[in-house]
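> Numbering (this note's numbering), first residue to last: 216 to 1230. In this text, a Cβ means the ideal position worked out from N, Cα and C, and glycines have one as well. Keep in mind the model is a prediction, meaning the values are calculated, not measured.
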């Protein structure tokens, strides 16, 4: 998994230089809150930034400048703490927010230019305010009559029509959905049917008057209520991804002839565009007053300023090259499959099977399909997911540090030994992502000479460019260049198209991080129908899955669609449809963050980890329990003493990084009010450790012209050089979800039983079932039976067997079911099984070529089940279980496809066969006598399976050539062999892949031997 960096990047920088370290105070009396606030009020830049961010604290600072302070000590202390935190943020946190940090564009070039030029400020209306204004306009009957409406996302629930919205997180961080419903009357249903396509309101009024005798006022009232409930959408609110939303709203109102309503908003837009850095406070107050006067104004943050620098920086290309190399290393060491998408895929495969195409809307209907929302909401924790090879690497590094009493460990000479074992399947590639890292260099000259450090590189969420879109108005040229690079990086093949997800979030404030340009040629509309060829919508999308990953298929385009969201929004706040589509789009992509110590993160000390010119992880100290407990006391002097003692004992530096994620700020532990900020972080944010800060004045002065250290961070779009393969059915028209036609309910020609059995007991249970039910199966007229091993029911892990019998319905009910009842009692009494259930059988018709082939494939399943039972029963002296599986799979594959024309899937397996087992498997496959070595009954069962496999293989090729097949022969053969491995070894991907690698090697070896003999 290798990365290449884009030629452009984003600079994020704290608005003010890093504060110099203070000398250790000599007096015992700390500065009072009044003294601290008075000094802070003289800092114009800090006062301005706070005035924009927190008007309440700004009032206190204004009073402090005039010698007035809050009367209550508690309020005075809270204000001082807030100002101390804001001061640390202004000087040390590069994450853009208001006027505390800003952005600039970067071009990687041969020349260097590090002066960002004058500052510039743009102000955009808060989206919560804009949504309120639009809601007020939509409730105005004069405005409503001029609009167009279209049906929203509506589901039927009995006598109600329901739409769902996502609630804001509660105090404990939980996120829930809320349903909004209206009565399902004939009038409402007819209106929603009529508005399945966009309709002018004037036409809808005519429909209501004709069908329901409603006059204009009553009709507008009905439409207004449905718009308010979200069942109808007007399109007046600009869609996310459309750039300047206020300017677009003004233009729409003018186009509709609503000039009076547009005029006031036009003045606000003009004021927001013309903000001078030296006049921010006055312009800000004027803008807030104007915005407050607009009908529908809501929210406490009416407008949002963004700070930027006017010049694009030029940085040396080696910075980008080094960053790409670091990104590649992080991906190789820490890439993993997201647990949420793995569990979603497993649930889908267990419920629908391989290549069953299910409409997206059906999956989103939890009344029809099950726990999709629960799976999407599950936490994607790292707990228990550190593989042994990585844990060994982390332990070695920490052990070396402790043994040598070293604060730093280097990876350069030992990286080759810290690699994923060849036998372990590597995750799929990360297609693209933004890499974040601090850039530290003593001077611009040193930076140009290649003397720099990339500090704490880590991947951000989402696709490459997601961090840039919000700042497009400030970085016009850079954003455009990133957009071009994003478009070029997308695979432009017939196998997949990439589509920007466009949707209306449930929370108006979330729109602030979605107000961005769309960089892809295709759009995926969540809340409305597609309106032109460059759009697809939910009604056009089908969901399918293979064992490698899930995919979306467009019925209209006939190719997979990969949803992409270029935004840093918290996805847990997105509607279920968006979360589902993005999870599917990223299912065959790995997830990477940054360096992680995993279960060792709780160690008292963790060393700095260095690779080349990158500090992958800074030195970290975990605060002892006693210090954490002391943070809850009110004794400031004791707290300061305890921190100083801890620093001396553990050699903790004076300046440390404190906080979580990109909320961290550098604190000076000799500054009294910084110590109190540290204590607040411990008690309110549960911070338990601090990191070293790299980049003080003597180390970092490259940015700007001051020569002072400036906390800066680069955001570099990274693109994988690996090719993304999207697998999908070759023949889309035949593979559409057949719904109830593929489900055999209990009481028919199938009896399907789920039996909870621990994995260790499954073989014994199968042997008992086969023996006890042999006679009843004959009496019931059963012509075939087969089994599979599973480890999940719904989204709950529960090992179980699924055993299926086919025969006459009356025979199954009258003879076989009572026999099973008796067996179940015996097995439960023996402690071998738990609960059992008779369940519907969802036949995977699509996966095995369609109805014309399915019965034949099931007969092969029967022959395979019989052969495996006899193999399990037979004594296997001197035979390794993996070797038996490999030989059995090789025999099955070679009889399905004797010429190897459709066996490319075998050669596509990555890795090498087990060298210890290779000679044994080669000899057994070449001799073809394993069945005989297992005994007479096993030999006969293997012969019957060979005969059936040859017949099915020929039948598949015949149907494919004459009648057309719902799947390719290669896919069918691969699926048959996969289920054979499941019956032999259960759900064990590593064991299966190793067996198939051995099988392929043995078949190739046998083919070469035949050629040599013929020659």
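Tell me which residue opens and which closes the beta strand (DSSP E) that residue 371 is part of.
Stepping through the chain shown from its first residue, residue 371 is reached at position 156. Element bounds for residue 371: 370 to 372.
> Look at the alpha carbon of residue 947 and the alpha carbon of residue 1183, and state the distance between them as a whole number of angstroms.
On the chain shown, position 732 is the one that residue 947 refers to. On the chain shown, position 968 is the one that residue 1183 refers to. Note that residue 947 scores 45 on pLDDT, short of 50, meaning its location in the model is unreliable and no value can be drawn from it.
> Which residues bound the alpha helix (DSSP H) around residue 1069?
The residue given as residue 1069 occupies position 854 in the chain shown. 1066 to 1088 is the extent of the alpha helix (DSSP H) around residue 1069.
> For residue 361, collect the residues of the same chain with a Cβ closer than 8 Å to its Cβ; drop the 5 residues on either side in sequence, then sort them by chain order.
Stepping through the chain shown from its first residue, residue 361 is reached at position 146. Same-chain partners within the cutoff: 416, 471, 472, 473.
> Please return the same chain residues whose Cβ sits closer than 7 Å to the Cβ of residue 1110, not counting the five positions on each side in sequence.
Position 895 of the chain shown, counted from the start, is the residue given in the question as residue 1110. Once the five neighbours on either side are set aside, the close Cβ partners of residue 1110 are 1161, 1164, 1165, 1168.
> Thinking just about the alpha-carbon of each residue, which of 279, 448, 628 is nearest to the one in residue 364?
Position 149 of the chain shown, counted from the first residue, corresponds to residue 364. Checked all of 279, 448, 628; the closest Cα to residue 364 is 448.
> Going along the chain, which residues of its own chain have a beta-carbon closer than 7 Å to the beta-carbon of residue 1074, five neighbours each way excluded?
Along the chain shown, read from residue 1 onward, the residue named residue 1074 stands at position 859. Correct list, in chain order: 999, 1163.
> Below 8 Å on the Cβ atoms is my contact criterion, and I expect residue 446 with residue 367 to pass it. Report the Cβ-Cβ distance as a whole number of Å.
The residue labelled residue 446 in the question sits at position 231 within the chain shown. The residue labelled residue 367 in the question sits at position 152 within the chain shown. That pair is a contact at about 5 Å.
> From this set, 850, 884, 880, 846, which residue's C-alpha is nearest residue 862's C-alpha?
Within the chain shown, numbered from 1, the residue matching residue 862 stands at position 647. Closest by alpha carbon: 884.
> Assign residue 1062 to one of two classes, buried (16 or more other C-beta atoms within 10 Å of its C-beta) or exposed (fewer than that).
What you label residue 1062 is simply residue 847 of the chain shown in a count that begins at 1. It counts as buried.
> Would you say the segment 341 to 348 touches the segment 912 to 926, given that touching needs at least three Cβ pairs under 8 Å?
These segments do not touch.
> Thinking C-alpha only, which one of 1013, 413, 505, 459 is nearest residue 687?
Position 472 of the chain shown, counting from 1, holds the residue named residue 687. Nearest of 1013, 413, 505, 459 to residue 687, Cα basis: 459.
> Cutting at 7 Å between CB atoms, please list the residues of its own chain near residue 402, excluding the five before and the five after it.
The sequence position of residue 402 within the chain shown is 187, counting from 1. Cβ within range, chain order: 427.
> Buried or exposed: residue 326, going by 16 or more other Cβ atoms within 10 Å of its Cβ?
Start at 1 with the first residue of the chain shown, and residue 326 comes out as number 111. Under this definition residue 326 is an exposed residue.
> Just to confirm before moving on: does the CB-CB distance between residue 807 and residue 631 stay below 8 Å?
Within the chain shown, residue 807 is the residue found at index 592, counting from 1. Within the chain shown, residue 631 is the residue found at index 416, counting from 1. Cβ distance not < 8 Å, so residue 807 and residue 631 don't count as in contact.
> Would you call residue 1064 buried or exposed, if buried means 16 or more other Cβ atoms sit within 10 Å of its Cβ?
Counting from one through the chain shown, the residue named residue 1064 turns up at place 849. It is buried - the Cβ of residue 1064 has at least 16 other Cβ atoms within 10 Å.
> Identify whether residue 1014 lies in helix, strand or coil by the three-state DSSP scheme.
Working through the chain shown from its first residue, we reach residue 1014 at position 799. Residue state, collapsed to three classes: strand.
> Given this structure, state the Cα-to-Cα distance separating residue 782 from residue 498, to the nearest angstrom.
Start at 1 with the first residue of the chain shown, and residue 782 comes out as number 567. Start at 1 with the first residue of the chain shown, and residue 498 comes out as number 283. Roughly 29 Å separates the two Cα atoms.
> Please list the segments of the alpha helix (DSSP H) lying wholly inside the segment 1025 to 1055, counting only runs of 4 or more residues, in order along the chain.
Listed in chain order, they are 1032 to 1044.
> For a minimum of 4 consecutive residues, which ranges assigned as the alpha helix (DSSP H) are wholly contained in the segment 383 to 452?
Here the runs fully enclosed are 401 to 409, 416 to 427, 431 to 444.
> Excluding sequence positions up to five away, which residues of its chain have a Cβ less than 8 Å from the Cβ of residue 737?
The residue given as residue 737 occupies position 522 in the chain shown. Around residue 737: 712, 713, 714, 715, 749, 750, 751, 776.
> Report, in whole angstroms, the separation of the C-beta atoms of residue 656 and residue 679, which I expect to be a contact under 8 Å.
Reading the chain shown from its first residue, position 441 is the one you call residue 656. Reading the chain shown from its first residue, position 464 is the one you call residue 679. About 25 Å; that fails the 8 Å criterion.
> Considering just the uninterrupted stretch of the alpha helix (DSSP H) at residue 784, what are its terminal residues?
Start at 1 with the first residue of the chain shown, and residue 784 comes out as number 569. Residue 784 -> no alpha helix (DSSP H), and no H or E assigned at all.
> Measure from the alpha carbon of residue 690 to the alpha carbon of each residue in 1137, 1155, 322, 1185, then state which is nearest.
Here residue 690 refers to the residue found at position 475 of the chain shown. Answer by Cα proximity: 322.
> Counting pairs of beta carbons, one from the segment 1015 to 1034 and one from the segment 965 to 977, are three or more of them closer than 8 Å?
Contact between the segment 1015 to 1034 and the segment 965 to 977 is present, because at least three Cβ pairs lie under 8 Å.
> Near residue 506, which residues of its chain fall below 8 Å by C-beta distance, leaving aside the five closest residues on each side in sequence?
Residue mapping note: residue 506 aligns to position 291 of the chain shown, counting from 1. Only 340, 344, 483, 512, 517, 518 meet the Cβ criterion.
> For residue 974, collect the residues of the same chain with a Cβ closer than 7 Å to its Cβ; drop the 5 residues on either side in sequence, then sort them by chain order.
Here residue 974 corresponds to residue number 759 of the chain shown, with the count starting at 1. So the list reads 1014, 1201, once near-sequence residues are dropped.
> Around the Cβ of residue 927, are there at least 16 other Cβ atoms within 10 angstroms (buried) or fewer (exposed)?
As a first step, residue 927 must be located in the chain shown, where it is residue number 712. Its Cβ being crowded by 16 or more others within 10 Å, residue 927 is buried.
> Following the continuous beta strand (DSSP E) through residue 867, name the residue where it begins and the one where it ends.
Taking the chain shown and counting its residues from 1, one reaches residue 867 at position 652. Residue 867 -> no beta strand (DSSP E), and no H or E assigned at all.
> On the criterion of 16 or more Cβ atoms from any shown chain inside 10 Å, does residue 256 qualify as buried, or is it exposed?
For the purposes of this step, residue 256 is taken as the residue at position 41 of the chain shown. Label assigned to residue 256: buried.
> If I'm right that residue 764 touches residue 330 with Cβ under 8 Å, what's the distance once you round it to whole angstroms?
As a first step, residue 764 is located in the chain shown; it is residue number 549 there, counting from the start. As a first step, residue 330 is located in the chain shown; it is residue number 115 there, counting from the start. With 8 Å as the limit, residue 764 and residue 330 do not qualify as a contact, their Cβ atoms being about 47 Å apart.
> Find out if the Cβ-Cβ distance for the pair residue 769, residue 756 is shorter than 8 Å.
Taking the chain shown and counting its residues from 1, one reaches residue 769 at position 554. Taking the chain shown and counting its residues from 1, one reaches residue 756 at position 541. Contact: yes.
> Assign residue 502 to one of three DSSP states: helix, strand, or coil.
Position 287 of the chain shown, counted from the first residue, corresponds to residue 502. Here residue 502 sits in helix by DSSP.
> Based on Cα-Cα distance, which residue from 666, 742, 799, 732 lies nearest to residue 721?
Translated into positions along the chain shown, residue 721 becomes position 506. Nearest C-alpha to residue 721: 742.
> Just verifying my parser: in three-state terms, what is the DSSP assignment at residue 1192?
Counting from one through the chain shown, the residue named residue 1192 turns up at place 977. Helix at residue 1192.
> Please determine, among 1071, 1034, 958, the residue with the shortest C-alpha to C-alpha distance to residue 571.
Taking the first residue of the chain shown as 1, we reach residue 571 at position 356. Cα-wise, what sits closest to residue 571 is 958.
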